[in-house]
Amino acid sequence: MGRRIVLGMLGLGAAGVAVGASLQREVGEVLAPVGGLGNVLPAAGGFRYYTVTGSVRRRSPREWRMTVGGLVERPRQIGVDDLARLPQTVLDKDFQCVTGWRVPDVRWAGVALPDLLDVIGVSPRARAVRFTSFDGVYTESLTLGQARRRDVLIATRMEDVPVTHDHGGPVRLCVAPMYGYKSLKWLGGIELTEQVRPGYWERRGYDVDAWVGRSNGRDDAPIA
Ligand SMILES: Nc1nc2c(c(=O)[nH]1)N[C@H]1C(S)=C(S)[C@@H](COP(=O)(O)O)O[C@H]1N2
Ligand SMILES: [Mo]
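Put into structure tokens, the structure is as follows:
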């Protein structure tokens, strides 16, 4: 059986079996506060809804604004209309949480991060990008090199519909080649910085460079 199929089955509920007992135990412990508080809900299509803050206040696409600042030439606020005017990118990628569940072939659409970086103008001193969530707590970051990949999206659509509130809408990040925790939900701000500032889960022990299959204790070939 191919690796893809095995992991696909994991996503369908066999989590905990094939990930490797020790890693699973470790990850389970670190993530326990999340699940333990009932914030991980099974959801349609194999996804689970994750939040570290309990409920998050809804923002409609109309009221949504993202602050873009730090080491940029043109600091500004960006709305969904601004995103809609930029070139749109579609990606079909497997979505994999570091705890083992996986959803194959998820369709994402939105603005490729490098296209947005071109619009805002990255200053020469910038080396990293920091993302904040309007949940008020969650953060993430990428090196500038990672942020210039075309499979990193400012996503406005998921599975051919606007990103739902539970999935982090109206606008979330999709970092396709990395584990799910890099794909920050409820995007509220982007800041260009001199250095990577480790995000929420990274300050709690997860790898900053979260390549699927090649991080967090996994040494198998990349599967994304
Ligand atoms: N703001 C925020 N973004 C987040 C998280 C979170 O708790 N809060 N969880 C991360 C993790 S661990 C995963 S696997 C994915 C889950 O995405 P989903 O809730 O749409 O399934 O969101 C990521 N982005
Ligand atoms: Mo995750």
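In the working numbering, each residue carries its 1-based index in the sequence shown increased by 51. Yeah, the Cβ is synthetic: ideal placement off N, Cα and C, and Gly gets one too. Owing to the predicted nature of the structure, the values given are computational and were not obtained by experimental measurement.
Checklist entry - How long is the line joining the alpha carbons of Cys148 and Thr244, rounded to whole angstroms? => result The straight-line gap separating the alpha-carbon atoms of Cys148 and Thr244 is approximately 27 Å.
Next on the checklist: Let me make sure I understand the geometry here. Which of Gly240, Gly121 and Asp145 has the alpha-carbon closest to that of Ala228?
Outcome noted: In the sequence under discussion, the amino acid at residue 228 is Pro, which differs from the Ala named in the question. Considering only alpha carbons, the answer is Asp145.
Item to check | Element boundaries [alpha helix (DSSP H), containing Pro136] | outcome: First, the residue type needs correcting, since residue 136 is Arg and not Pro in the sequence shown. Here the alpha helix (DSSP H) through Arg136 covers Val131 to Arg136.
Next on the checklist: Assuming Gln197 is part of the alpha helix (DSSP H), what are its boundary residues?
Outcome noted: First-last of the alpha helix (DSSP H) with Gln197: Leu195 to Ala198.
Next on the checklist: Using a 10 Å radius around the Cβ and a threshold of 16 neighbouring Cβ atoms, would you call Arg201 buried or exposed?
Outcome noted: Looking at its Cβ environment, which holds fewer than 16 other Cβ atoms inside 10 Å, Arg201 is exposed.
Checklist entry - Do Ile287 and Arg127 have their C-beta atoms closer together than 8 Å? => result This structure gives no information on residue 287, because the portion of the chain shown stretches from 52 to 275.
Checklist entry - Tyr189 and Leu235 look like a contact to me (Cβ under 8 Å); what is the Cβ gap, rounded to whole Å? => result Rounded, the Cβ-Cβ distance is 6 Å, consistent with contact.
Checklist entry - Using the C-alpha atoms, what's the distance from Val119 back to Ile129? => result The straight-line gap from Cα to Cα measures roughly 7 Å.
Checklist entry - Does the count of Cβ pairs from the region 196-211 and the region 161-171 closer than 8 Å reach three? => result Result yes; three or more Cβ-Cβ pairs closer than 8 Å.
Checklist entry - Apart from the five residues on each side of it in sequence, which residues of its chain come closer than 6 Å, Cβ to Cβ, to Gly219? => result By the criterion of a C-beta distance shorter than 6 Å, Gly219 is surrounded in its chain by Lys236 and Trp237, once the five residues flanking it on both sides are discounted.
Item to check | Buried or exposed (CB count within 10 angstroms, at least 16 for buried), Pro221 | outcome: Per the 10 Å Cβ criterion, buried.
Checklist entry - Between Arg99, Asp270, Val123 and Gly161, which lies nearest to Asp133 when the distance is taken from Cα to Cα? => result Closest by alpha carbon: Gly161.
Checklist entry - Using the rule of at least 16 other Cβ atoms within 10 Å of the residue's Cβ for burial, across every protein chain shown, is Ser184 buried or exposed? => result Ser184 is buried by the Cβ-count criterion.
Item to check | Neighbourhood of Asp211 by C-beta distance below 7 Å, restricted to the same chain and skipping five residues each side | outcome: So the list reads Arg158, once near-sequence residues are dropped.
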